[in-house]
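Colleague:
Protein chains: 2
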Amino acid sequence: MKTLNVIKIGGNVIDDESQLNDFIKSLAVLNEPFILVHGGGKLATDLATRLNIPQQLIEGRRVTDAETLKIATMVYAGYINKNIVAKLQKHTLNSIGLSGADGNLITATKRIDEKIDYGFVGDLSIENVNSNFLKLLLENGLTPVICAITHDNQGQLLNTNADTIASVLGSALATTFQVKLTYCFEKKGVLFNPEDNNSVIKNLNLETFQKLKEEGIINKGMVPKIKNAFDALANGVEDVGITSAENFTNFIKNKTYEGTRITSSF
Amino acid sequence: MKTLNVIKIGGNVIDDESQLNDFIKSLAVLNEPFILVHGGGKLATDLATRLNIPQQLIEGRRVTDAETLKIATMVYAGYINKNIVAKLQKHTLNSIGLSGADGNLITATKRIDEKIDYGFVGDLSIENVNSNFLKLLLENGLTPVICAITHDNQGQLLNTNADTIASVLGSALATTFQVKLTYCFEKKGVLFNPEDNNSVIKNLNLETFQKLKEEGIINKGMVPKIKNAFDALANGVEDVGITSAENFTNFIKNKTYEGTRITSSF
Numbered sequence: 001m002k003t004l005n006v007i008k009i010g011g012n013v014i015d016d017e018s019q020l021n022d023f024i025k026s027l028a029v030l031n032e033p034f035i036l037v038h039g040g041g042k043l044a045t046d047l048a049t050r051l052n053i054p055q056q057l058i059e060g061r062r063v064t065d066a067e068t069l070k071i072a073t074m075v076y077a078g079y080i081n082k083n084i085v086a087k088l089q090k091h092t093l094n095s096i097g098l099s100g101a102d103g104n105l106i107t108a109t110k111r112i113d114e115k116i117d118y119g120f121v122g123d124l125s126i127e128n129v130n131s132n133f134l135k136l137l138l139e140n141g142l143t144p145v146i147c148a149i150t151h152d153n154q155g156q157l158l159n160t161n162a163d164t165i166a167s168v169l170g171s172a173l174a175t176t177f178q179v180k181l182t183y184c185f186e187k188k189g190v191l192f193n194p195e196d197n198n199s200v201i202k203n204l205n206l207e208t209f210q211k212l213k214e215e216g217i218i219n220k221g222m223v224p225k226i227k228n229a230f231d232a233l234a235n236g237v238e239d240v241g242i243t244s245a246e247n248f249t250n251f252i253k254n255k256t257y258e259g260t261r262i263t264s265s266f
Numbered sequence: 001m002k003t004l005n006v007i008k009i010g011g012n013v014i015d016d017e018s019q020l021n022d023f024i025k026s027l028a029v030l031n032e033p034f035i036l037v038h039g040g041g042k043l044a045t046d047l048a049t050r051l052n053i054p055q056q057l058i059e060g061r062r063v064t065d066a067e068t069l070k071i072a073t074m075v076y077a078g079y080i081n082k083n084i085v086a087k088l089q090k091h092t093l094n095s096i097g098l099s100g101a102d103g104n105l106i107t108a109t110k111r112i113d114e115k116i117d118y119g120f121v122g123d124l125s126i127e128n129v130n131s132n133f134l135k136l137l138l139e140n141g142l143t144p145v146i147c148a149i150t151h152d153n154q155g156q157l158l159n160t161n162a163d164t165i166a167s168v169l170g171s172a173l174a175t176t177f178q179v180k181l182t183y184c185f186e187k188k189g190v191l192f193n194p195e196d197n198n199s200v201i202k203n204l205n206l207e208t209f210q211k212l213k214e215e216g217i218i219n220k221g222m223v224p225k226i227k228n229a230f231d232a233l234a235n236g237v238e239d240v241g242i243t244s245a246e247n248f249t250n251f252i253k254n255k256t257y258e259g260t261r262i263t264s265s266f
């Protein structure tokens with residue numbers, strides 16, 4: 001099977017023009033096929049603030065009312081997605097920006113929660129991915145750049161977690177490709193001490209993860225991110241890792257390079 | 001040659017959810033292949049107002065500074081484009097939203113004007129269209145939905161006139177398809193009297209256009225729109241017309257139905 005990288009780039013790197021440019025340059029010379037999934041960064045929150053649209057967070061998750069969905073669609077599918085695509089084109093890497101609605105790429109189901117109304121938030125699983133469409137694009141030399149907006153096939157767009165999209169896409173493609181899934185963000189990997197960027201956990205298995213989670217060493221947003229990583233591994237993704245955008249190329253090309261590698265739970 | 005419709009939908013229809021839904025329903029049952037090009041409507045201006053970003057218009061054309069380009073990209077490529085795609089998907093019409101950067105679909109050149117700095121505005125000609133990419137999508141049953149944002153291949157997005165994009169796309173595809181180009185907006189066609197929606201000019205040739213323009217009967221935004229229409233005709237587009245979004249299907253299926261048909265200048 002051919003290798004395919006599924007790369008998730010996190011918000012903080014997107015917020016920093018210089019970091020983003022460096023990351024895109026590294027992708028342009030990667031010389032391996034890839035799909036890029038991007039988050040949103042602070043831009044959506046900033047825009048909501050400027051427009052006086054109050055943002056509600058419940059347990060770290062944004063509640064997506066109609067106005068917030070509009071902002072997310074504008075910022076993720078519009079501004080960020082098209083700028084990343086234009087930057088990749090500059091480096092002669094022929095990319096195509098997509099939401100889940102485009103080419104019916106990713107459908108999702110509006111989250112139903114008995115206690116909390118998350119609004120226009122989508123949940124998804126492997127069956128929701130249109131793998132044939134992705135294969136068509138890849139076979140024709142196009143690099144998909146995917147934002148975290150999906151649709152329900154009933155005309156409704158849905159805000160969806162970008163880490164989950166990357167995990168589910170990787171899983172859906174694992175039967176066709178040897179998938180390497182890498183979460184890139186501003187830190188060097190999962191850290192023992194969030195304040196110390198050199199305290200990288202090199203290898204993380206499910207047992208260690210549970211233990212570190214119970215001890216509170218792994219917490220907040222890292223927990224769902226790592227859960228997504230383990231899900232992908234369980235679904236047949238070959239390599240799953242978490243590293244910095246800066247170290248990305250070294251991380252995937254050199255198996256001993258620093259960063260966190262998610263390993264089998266056994 | 002196979003028939004291909006290039007359909008431009010104007011701003012006022014996009015601003016009205018009910019009109020837009022009706023138009024999209026009519027596209028979903030058109031049963032002919034098409035490419036949809038959409039404008040932006042008042043949403044971009046409204047957002048600029050809410051964000052206190054002053055908008056400068058010179059001779060009816062928006063000056064696109066960096067902040068205005070950001071808004072245009074968010075509104076056109078994000079909000080409007082993805083909502084149209086999601087609505088088409090609802091009607092099981094598999095569409096794909098694109099800017100000019102996606103798949104390197106349309107490059108443009110930043111406008112250089114000795115007198116006026118239009119900012120990040122792009123001009124384009126037939127050679128700027130990646131027809132092969134459009135053919136690939138159409139052959140695979142995908143309907144392109146194209147917004148008026150292009151790129152310069154150097155990483156810069158550019159705001160571009162949607163009427164011109166429709167004309168140039170139609171022209172570029174005229175060697176491969178029997179192209180029917182239709183400009184749809186809120187009025188029934190080009191009017192003798194802008195106040196009277198029943199004063200439609202049924203057939204418009206270049207000579208009549210020049211005469212009506214000189215008399216001031218055709219003026220303002222209609223002039224560049226009609227110029228784009230004549231350009232397409234000169235470039236080999238088979239049928240060019242201007243009609244209402246409401247009458248669109250009748251207009252293209254029945255050659256005597258009301259609306260303006262652009263005819264050869266001879």
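Quick note, the sequences are listed as chains L and D, same order. For the first sequence, our numbering begins at 1 and goes up steadily by one. For the second sequence, our numbering begins at 1 and goes up steadily by one. No residue lacks a Cβ here, since even glycine has one placed at the ideal position from N, Cα and C.
Looking at G11/D and A148/D, is the spacing between their C-beta atoms short of 8 Å?
Modeller: Along the second sequence, read from residue 1 onward, the residue named residue 148/D stands at position 148. Along the second sequence, read from residue 1 onward, the residue named residue 11/D stands at position 11. Going by C-beta atoms, A148/D is not nearer than 8 Å to G11/D.
Colleague: With a threshold of 8 Å between beta carbons, is T73/D in contact with chain L?
Modeller: Locating residue 73/D in the second sequence gives position 73, counting from the first residue. Closer than 8 Å: yes.
Colleague: Against I96/L, what residues of chain C qualify as contacts under a CB-to-CB distance less than 8 Å, listed in chain order?
Modeller: Included in the structure are the protein chains L and D, with no chain C among them.
Colleague: In chain order, what residues of the same chain lie with their CB nearer than 6 Å to the CB of I53/D, ignoring the 5 residues before and after it?
Modeller: As a first step, residue 53/D must be located in the second sequence, where it is residue number 53. Hits under 6 Å: E67.
Colleague: Please report how far the alpha carbon of F266/L lies from the alpha carbon of N205/L, in whole angstroms.
Modeller: Locating residue 266/L in the first sequence gives position 266, where the first residue counts as 1. Locating residue 205/L in the first sequence gives position 205, where the first residue counts as 1. Interpretation of F266/L is limited by its pLDDT of 47, a score under 50 that renders its predicted location unreliable; the figure taken from the coordinates is listed afterwards. Looking at the two C-alpha atoms, the distance is approximately 8 Å.
Colleague: If you run the structure through DSSP and keep just helix, strand and coil, what is Y183/L?
Modeller: The residue you call residue 183/L lines up with position 183 of the first sequence. If DSSP states are grouped into helix, strand and coil, Y183/L belongs with the strands.
Colleague: Comparing alpha-carbon positions, which option in T243/D, A77/D, E139/D lies nearest L157/D?
Modeller: Within the second sequence, the letter at position 157 stands for residue 157/D. With distances taken between Cα atoms, L157/D lies closest to A77/D.
Colleague: Nearest to K2/L by CA position, among L137/L, I242/L, G103/L, V179/L, is which residue?
Modeller: Reading the first sequence from its first residue, position 2 is the one you call residue 2/L. Per the Cα distances, V179/L.
Colleague: Using a beta-carbon distance below 8 Å, is I149/L in contact with chain D?
Modeller: Residue mapping note: residue 149/L aligns to position 149 of the first sequence, counting from 1. I149/L counts as touching chain D.
Colleague: Between L57/D and chain L, is any beta-carbon pair separated by less than 8 Å?
Modeller: Counted from its first residue, the second sequence places residue 57/D at position 57. It does not: the Cβ of L57/D has no partner Cβ on chain L nearer than 8 Å.
Colleague: Can you list, in chain order, the residues of its chain whose CB lies under 6 Å from that of G236/L, leaving out five sequence neighbours each side?
Modeller: Locating residue 236/L in the first sequence gives position 236, where the first residue counts as 1. Counting only Cβ-Cβ distances below 6 Å, and skipping sequence neighbours, we find A174.
Colleague: Check L20/D in the structure and name its three-state DSSP category.
Modeller: What you label residue 20/D is simply residue 20 of the second sequence in a count that begins at 1. It is helical.
Colleague: Identify whether S244/L lies in helix, strand or coil by the three-state DSSP scheme.
Modeller: Position 244 of the first sequence holds residue 244/L. Reduced to three states, the DSSP call for S244/L is strand.
Colleague: Please go through the same chain and pick out, in chain order, the residues whose beta-carbon is closer than 7 Å to the beta-carbon of T64/L, but skip the five residues on each side of it.
Modeller: Against the first sequence, residue 64/L aligns to sequence position 64. Same-chain partners within the cutoff: A72, Y118, G119, F120, V121, N159.
Colleague: The alpha helix (DSSP H) that contains S167/L, what's its start and end?
Modeller: Here residue 167/L is taken as the residue at index 167 of the first sequence, counted from 1. Element bounds for S167/L: 162-173.
Colleague: Mark N254/L as exposed unless 16 or more other C-beta atoms lie within 10 angstroms of its C-beta, in which case mark it buried.
Modeller: On the first sequence, position 254 is the one that residue 254/L refers to. Exposed is the call here.
Colleague: Go through its chain and collect everything with a Cβ distance to N247/D's Cβ below 8 Å, but skip five positions before and after it.
Modeller: Numbered from its first residue, the second sequence carries residue 247/D at position 247. Result list for N247/D: K188, Y257, E258, G259, in chain order.
Colleague: Of all the options H38/L, A28/L, V6/L, which has the alpha carbon lying nearest to the alpha carbon of V13/L?
Modeller: Reading the first sequence from its first residue, position 13 is the one you call residue 13/L. Ranking H38/L, A28/L, V6/L by Cα distance to V13/L puts H38/L first.
Colleague: Can the beta-carbon of I126/D be found closer than 8 Å to that of Y183/D?
Modeller: By 1-based counting over the second sequence, the position of residue 126/D is 126. By 1-based counting over the second sequence, the position of residue 183/D is 183. Going by C-beta atoms, I126/D is not nearer than 8 Å to Y183/D.
Colleague: Check whether the Cβ of K2/D lies closer than 8 Å to any Cβ atom in chain L.
Modeller: Taking the second sequence and counting its residues from 1, one reaches residue 2/D at position 2. For K2/D, the answer is no, since every Cβ of chain L falls outside 8 Å of its Cβ.
Colleague: Are there 16 or more other CB atoms within 10 angstroms of the CB of V29/L, so buried, or fewer, so exposed?
Modeller: Residue 29/L sits at position 29 when you count from the first residue of the first sequence. Exposed: under 16 other Cβ atoms inside 10 Å.
Colleague: Is F266/L close to chain D, meaning its C-beta is less than 8 Å from at least one C-beta of that chain?
Modeller: One-based indexing of the first sequence puts residue 266/L at position 266. Because the pLDDT at F266/L is just 47, under 50, the model does not fix this residue reliably, and the value given afterwards should be weighed accordingly. No, no contact with chain D.
Colleague: Taking only runs that begin and end inside the stretch 8-64 of chain L, name each unbroken beta strand (DSSP E) of 3 or more residues, in chain order.
Modeller: 34-38
Colleague: Give the residues from the stretch 6-29 of chain D that approach chain L closer than 8 Å (Cβ to any Cβ), ordered along the chain.
Modeller: none
Colleague: Using the Cα positions of E17/L and N250/L, report the straight-line distance between them to the nearest angstrom.
Modeller: Translated into the one-based positions of the first sequence, residue 17/L becomes position 17. Translated into the one-based positions of the first sequence, residue 250/L becomes position 250. Cα to Cα, E17/L sits roughly 21 Å from N250/L.
Colleague: How long is the line joining the alpha carbons of L134/L and V190/L, rounded to whole angstroms?
Modeller: Position 134 of the first sequence, counted from the start, is the residue given in the question as residue 134/L. Position 190 of the first sequence, counted from the start, is the residue given in the question as residue 190/L. Going from the Cα of L134/L to the Cα of V190/L covers about 30 Å.
Colleague: Pick helix, strand or coil for G103/D, following the three-state DSSP scheme.
Modeller: Position 103 of the second sequence, counted from the first residue, corresponds to residue 103/D. G103/D falls in the helix class under three-state DSSP.
Colleague: Where does the unbroken alpha helix (DSSP H) through S264/D begin, and where does it stop?
Modeller: Reading the second sequence from its first residue, position 264 is the one you call residue 264/D. First-last for S264/D: undefined, no H or E at that position.
Colleague: Would you call the stretch 83-95 of chain D and the stretch 82-97 of chain L touching, i.e. three or more CB-CB distances under 8 Å?
Modeller: no
Colleague: Could you list which residues in chain D have their beta carbon closer than 7 Å to that of R50/L, in chain order?
Modeller: The residue labelled residue 50/L in the question sits at position 50 within the first sequence. Per Cβ cutoff of 7 Å: L51.
Colleague: On the CB-based measure, 16 or more other CB atoms within 10 Å of its CB, does I58/L come out buried or exposed?
Modeller: Within the first sequence, the letter at position 58 stands for residue 58/L. I58/L is exposed by the Cβ-count criterion.
Colleague: Can you list the residues of chain D that N161/L reaches, using a CB-CB cut of under 8 Å?
Modeller: On the first sequence, position 161 is the one that residue 161/L refers to. Result: empty, since nearest Cβ-Cβ is about 18 Å, beyond 8 Å.
Colleague: Just list the residues that DSSP pairs K110/D with in beta bridges.
Modeller: Working through the second sequence from its first residue, we reach residue 110/D at position 110. The partner list for K110/D (beta bridge, DSSP) reads G122/D.
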